[in-house]
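FYI, in the working numbering the residues of the sequence shown are 3 to 67. The beta-carbon is built from N, C-alpha and C at its ideal position, and this holds for glycine as well. Since we're looking at a predicted model, the values are computed, not measured. One structure is given here, and the rest of the page talks about it.
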Amino acid sequence: MLNFKEKLNSIKTFMFDVDGVLTDGKVLVTEQGELLRNLSSKDGYALQLAVKKGYRIVIITGGNN
Numbered sequence: 003m004l005n006f007k008e009k010l011n012s013i014k015t016f017m018f019d020v021d022g023v024l025t026d027g028k029v030l031v032t033e034q035g036e037l038l039r040n041l042s043s044k045d046g047y048a049l050q051l052a053v054k055k056g057y058r059i060v061i062i063t064g065g066n067n
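Structure below.
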């Protein structure tokens, strides 16, 4: 049976929901009516680092835009 640390080493993919996890839940509307979400630069850096380390990243959302 694997111990906790060994189980962590077997992780290959991280999945995140955008709304309320990678954002603060707010949606900005531009003058053109485009909807934008604000993501943390720290989260972006961490995701970029994870990809460089070989992890797969899956980002999901319930939104249509």
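Could you check where the beta strand (DSSP E) with residue i kicks off and where it finishes?
| i | result |
| --- | --- |
| Gly27 | 25–31 |
| Val60 | 58–62 |
Cα separation between residue i and residue j?
| i | j | result |
| --- | --- | --- |
| Ala52 | Gly27 | 23 Å |
| Thr15 | Asn40 | 23 Å |
| Leu30 | Glu36 | 8 Å |
| Met3 | Lys9 | 10 Å |
| Glu33 | Tyr47 | 29 Å |
| Leu38 | Ile59 | 21 Å |
Span of the alpha helix (DSSP H) holding residue i?
| i | result |
| --- | --- |
| Asn11 | 6–11 |
Give the C-beta separation of residue i and residue j to the nearest angstrom, bearing in mind that I take them to be a contact with Cβ-Cβ under 8 Å.
| i | j | result |
| --- | --- | --- |
| Asp21 | Gly65 | 7 Å |
Since residue i sits in a beta bridge, which residues does DSSP pair it with?
| i | result |
| --- | --- |
| Asp19 | Ile62 |
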